[in-house]
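S.K.: Here the protein sequences come in this chain order: A and B.
Per our numbering, residue 179 is the first one in the first sequence, and the count goes up by one each step.
Per our numbering, residue -11 is the first one in the second sequence, and the count goes up by one each step.
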Amino acid sequence: MTIGWGLMSIGVLGACALGCGAPPMHASADWERGVDFQSDKTFCVERSPWIPKDLTPEQAALLEVAERTTKEQLAKKGYRESPRDQARLVATPYFIKRKRDDVMVAATYCGAYDVKVMGKDLPAGLAGSCEESYISQFDEGTLLVDLYDAKRDQLIWHGWTSTEWPKQGAQAANTPKVVERAMIDILDRFPP
Amino acid sequence: MRWLICLIPLAAWACGSAATLHTEHQTLGTLNGRTTYAFTTTPGLNEQGFTTGHLFNPIMQRRIRDELTRELAMRGYAVSPAENASLLVTFSAGSRQDVVSQEGQQGPVVRGPAYTVDRGALVLHFIDPESKAVLWRGWGDGVMDSEDDLDEAVRAAVRQIMESFPASKS
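This is how it looks when you write it as structure tokens:
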């Protein structure tokens, strides 16, 4: 049993070492039902009112990545960038940060610890009796894109995805790619 | 405030089942003779650890208002300007993250498996326009899944909370 879980852990770590250039993310979206997103496919990108005024240079650079990727993705879907007064959609990417809990479940066998799984993906029935769960906090960053109907001045589409807020060092250096990937994932959900 | 502590653990995790909603309501005054209503401002939710986040955006607010309008019309209430309304209606929503552990253990290390869930809550208030006293209050909360259809889930939540709301008696 210990060996089995050990192999699984190694397998997961190995797969991540090969394929996890960015932490896993899952994009979601909400939108006004009944809105026709296909008519008048014009858009512009504006600075969100939720963006703080005093951005650091790094944050400003990331926001530029988000705004550029938004333009690219909407263009790929056949939407045409237009001046503000002619655009039907106004896209405003932004980000927020909050504290979240993370759970790591570990099993003890004869005094040895074998880390089994991160997070909540392990069905409770598979858990043994000699387990402990370690709860820690982390900073979660959420990237969001709001799409407004310019004529009605109403929010009509809202997409987002979350991942761990980048720490200093290598993780921070990879952040522009993470932001780009996140924006692609979010806008994959558009139009609904 | 007895009902405030009646939150029950909800949907089984990792089985893909539809989220279950737990609802409560509290009647604090008479609704007799009240036939008209108006919506008023939507405050943020800040109780029992729930806080209002980005999901309580104008799309969500319009959706809740729309479903409430439907439910109130079915019960014989008519929308009216705020100055003439016999009821003011307000609502708020929020979410919180819970760590679920055996026997509700808390702390950085707990015995047995634990996992996290995101729980959403919706609160409806029906207020007397003159005294500003809350006459009726309904609450619903449930585990949220990132794959949930928010439109369907929230409309269902409004309907379920409103099941206990009385029809208009003029």
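Every residue gets a Cβ at the ideal spot worked out from N, C-alpha and C, and that includes glycine.
Note that this is a predicted model, so its numbers are computed, not measured.
Between residue 128(B) and residue 263(A), what straight-line distance do the alpha-carbon atoms span, to the nearest angstrom?
M.R.: The residue labelled residue 128(B) in the question sits at position 140 within the second sequence. The residue labelled residue 263(A) in the question sits at position 85 within the first sequence. Approximately 42 Å between the Cα atoms of the pair.
S.K.: Can you name, in chain order, every residue of its own chain whose Cβ lies under 8 Å from the Cβ of residue 220(A), other than the five neighbours on each side?
M.R.: Here residue 220(A) is taken as the residue at index 42 of the first sequence, counted from 1. If we look at residue 220(A) and ignore the five residues flanking it on each side, its Cβ neighbours are 257, 258, 259, 260, 264, 265, 266, 267.
S.K.: How would you write the range of the alpha helix (DSSP H) that residue 363(A) sits in, first residue to last?
M.R.: Working through the first sequence from its first residue, we reach residue 363(A) at position 185. Start and end: 353 to 365.
S.K.: When DSSP labels each residue in this structure, what does residue 135(B) get in the three-state scheme?
M.R.: Working through the second sequence from its first residue, we reach residue 135(B) at position 147. Correct three-state label for residue 135(B): coil.
S.K.: By the 10 Å Cβ neighbour count, where 16 or more other Cβ atoms means buried, how is residue 124(B) classified, buried or exposed?
M.R.: Residue numbering aside, residue 124(B) sits at position 136 when the second sequence is read from its first letter. The residue in question, residue 124(B), is buried, as its Cβ has 16 or more Cβ neighbours within 10 Å.
S.K.: Along the chain, where does the alpha helix (DSSP H) that runs through residue 54(B) open and close?
M.R.: Numbered from 1 along the second sequence, position 66 holds the residue referred to as residue 54(B). Note, residue 54(B): alpha helix (DSSP H), 46 to 62.
S.K.: Let me confirm a value: residue 35(B) is counted as buried when at least 16 other C-beta atoms fall within 10 Å, else exposed. Which label applies?
M.R.: Indexing the second sequence from 1 puts residue 35(B) at position 47. Exposed is the call here.
S.K.: State yes or no: is the C-beta of residue 52(B) within less than 8 Å of the C-beta of residue 146(B)?
M.R.: As a position in the second sequence, residue 52(B) is number 64, starting the count at 1. As a position in the second sequence, residue 146(B) is number 158, starting the count at 1. Yes, Cβ-Cβ distance for residue 52(B) and residue 146(B) is below 8 Å.
S.K.: Could you name the residues of the same chain whose beta carbon sits closer than 6 Å to that of residue 223(A), not counting the 5 residues immediately before and after it, in chain order?
M.R.: Taking the first residue of the first sequence as 1, we reach residue 223(A) at position 45. Hits under 6 Å: 245, 248, 249, 269.
S.K.: Counting only the same chain and skipping the five closest in sequence on each side, list residues whose C-beta sits under 6 Å from that of residue 297(A).
M.R.: Along the first sequence, read from residue 1 onward, the residue named residue 297(A) stands at position 119. Note that residue 297(A) has pLDDT 48, beneath the 50 cutoff, so the model's placement of it is unreliable and the number below is only indicative. Around residue 297(A): no qualifying Cβ.
S.K.: Ordered along the chain, which non-local residues of its own chain (more than five positions away) have a Cβ less than 8 Å from that of residue 311(A)?
M.R.: Residue 311(A) sits at position 133 when you count from the first residue of the first sequence. Annotation for residue 311(A): 281, 282, 283, 284 place their beta carbon closer than 8 Å to its own, counting only its chain and skipping 5 residues before and after.
S.K.: List the residues of chain A whose Cβ lies closer than 8 Å to the Cβ of residue 138(B), in chain order.
M.R.: If you number the second sequence from 1, residue 138(B) lands on position 150. The contacting residues are 208.
S.K.: Compare the C-beta of residue 268(A) against all C-beta atoms of chain B and say whether one is closer than 8 Å.
M.R.: Within the first sequence, numbered from 1, the residue matching residue 268(A) stands at position 90. For residue 268(A), no CB of chain B lies under 8 Å from its own CB, so it is not counted at the interface with that chain.
S.K.: Taking C-beta pairs closer than 8 Å, name the residues in chain B that residue 309(A) reaches, listed in chain order.
M.R.: Numbered from 1 along the first sequence, position 131 holds the residue referred to as residue 309(A). The contacting residues are 99, 100, 101.
S.K.: DSSP puts residue 333(A) in a beta bridge; with which residues?
M.R.: Taking the first residue of the first sequence as position 1, residue 333(A) is located at position 155. In the DSSP output, where bridge partners are listed per residue, residue 333(A) has 326(A).
S.K.: On the CB-based measure, 16 or more other CB atoms within 10 Å of its CB, does residue 58(B) come out buried or exposed?
M.R.: On the second sequence, position 70 is the one that residue 58(B) refers to. Answer is exposed; the Cβ neighbour count stays below 16.
S.K.: Just checking: is the beta-carbon of residue 229(A) within a distance shorter than 8 Å of some beta-carbon in chain B?
M.R.: Translated into the one-based positions of the first sequence, residue 229(A) becomes position 51. Not an interface residue.
S.K.: Which whole-angstrom value describes the C-beta separation of residue 48(B) and residue 26(B), a residue pair presumed to lie in contact below a C-beta threshold of 8 Å?
M.R.: Translated into the one-based positions of the second sequence, residue 48(B) becomes position 60. Translated into the one-based positions of the second sequence, residue 26(B) becomes position 38. The pair is not a contact, with the Cβ atoms about 20 Å apart (cut-off 8 Å).
S.K.: Taking only beta-carbon atoms, is residue 34(B) less than 8 Å away from chain A?
M.R.: As a working mapping, residue 34(B) is identified with position 46 in the second sequence. Not an interface residue.
S.K.: Which residues in the same chain have their Cβ closer than 6 Å to the Cβ of residue 330(A), if we skip the five residues on either side of it in sequence?
M.R.: Indexing the first sequence from 1 puts residue 330(A) at position 152. Within the same chain, residue 330(A) has no close Cβ partners at all.
S.K.: Answer with yes or no whether the minimum CB distance from residue 211(A) to chain B is below 8 Å.
M.R.: Position 33 of the first sequence, counted from the first residue, corresponds to residue 211(A). Closer than 8 Å: yes.
S.K.: If the cut-off is 7 Å on Cβ atoms, which residues from the stretch 253 to 287 of chain A count as contacting chain B, listed in chain order?
M.R.: 274, 278, 279, 281, 283
S.K.: Taking the alpha carbon of residue 37(B) as the reference point, which residue from 278(A), 274(A), 241(A) has its own alpha carbon closest?
M.R.: To locate residue 37(B), count along the second sequence from 1; it is residue 49. It is 278(A) whose Cα lies nearest to the Cα of residue 37(B).
S.K.: Tell me which residue opens and which closes the beta strand (DSSP E) that residue 15(B) is part of.
M.R.: Along the second sequence, read from residue 1 onward, the residue named residue 15(B) stands at position 27. Run containing residue 15(B): 9 to 15, per the beta strand (DSSP E) assignment.
S.K.: Beta-carbon of residue 46(B) versus every beta-carbon of chain A: anything under 8 Å?
M.R.: Taking the first residue of the second sequence as position 1, residue 46(B) is located at position 58. The C-beta of residue 46(B) comes closer than 8 Å to at least one C-beta of chain A.
S.K.: I'd like to know whether the C-beta of residue 313(A) is nearer than 8 Å to at least one C-beta of chain B.
M.R.: Within the first sequence, the letter at position 135 stands for residue 313(A). Yes, because at least one Cβ of chain B sits closer than 8 Å to the Cβ of residue 313(A).
S.K.: Looking at the secondary structure, which residues open and close the beta strand (DSSP E) in which residue 243(A) lies?
M.R.: Position 65 of the first sequence, counting from 1, holds the residue named residue 243(A). Careful: residue 243(A) lies outside any beta strand (DSSP E), inside the alpha helix (DSSP H) at 235 to 254.
S.K.: Taking a Cβ distance cut-off of 9 Å, strictly less, list which residues of the stretch 320 to 353 of chain A are near chain B, in chain order.
M.R.: 320, 322, 324, 332, 333, 334, 335, 336, 338
S.K.: Under 8 Å by Cβ, that's how I've got residue 271(A) and residue 321(A) pegged, so tell me the actual separation to the nearest angstrom.
M.R.: Taking the first sequence and counting its residues from 1, one reaches residue 271(A) at position 93. Taking the first sequence and counting its residues from 1, one reaches residue 321(A) at position 143. The pair is a contact, with the Cβ atoms about 7 Å apart (cut-off 8 Å).
S.K.: Whose CA, out of 243(A), 209(A), 276(A), 252(A), lies closest to the CA of residue 50(B)?
M.R.: For this step, residue 50(B) is matched to residue 62 along the second sequence. Looking at the Cα atoms, 209(A) is the closest of the given residues.
S.K.: In angstroms with no decimal places, state the Cα-to-Cα distance between residue 2(B) and residue 43(B).
M.R.: Mapped onto the second sequence, residue 2(B) falls at position 14. Mapped onto the second sequence, residue 43(B) falls at position 55. Because residue 2(B) carries a pLDDT of 33, less than 50, the predicted location of this residue cannot be relied on, and the following value inherits that uncertainty. Answer to the nearest angstrom: the Cα atoms are 23 Å apart.
S.K.: Taking its Cβ as the centre, do 16 or more other Cβ atoms sit within 10 Å of residue 233(A), making it buried, or is it exposed?
M.R.: Working through the first sequence from its first residue, we reach residue 233(A) at position 55. By the 10 Å Cβ count, residue 233(A) comes out exposed.
S.K.: Spell out whether any CB of chain A is found under 8 Å from the CB atom of residue 134(B).
M.R.: Position 146 of the second sequence, counted from the first residue, corresponds to residue 134(B). By this cut-off, residue 134(B) is an interface position.
S.K.: Just the C-alpha distance for residue 135(B) and residue 89(B), rounded to the nearest angstrom, thanks.
M.R.: Numbered from 1 along the second sequence, position 147 holds the residue referred to as residue 135(B). Numbered from 1 along the second sequence, position 101 holds the residue referred to as residue 89(B). Cα to Cα, residue 135(B) sits roughly 23 Å from residue 89(B).
S.K.: Buried or exposed: residue 228(A), going by 16 or more other Cβ atoms within 10 Å of its Cβ?
M.R.: Stepping through the first sequence from its first residue, residue 228(A) is reached at position 50. Exposed.
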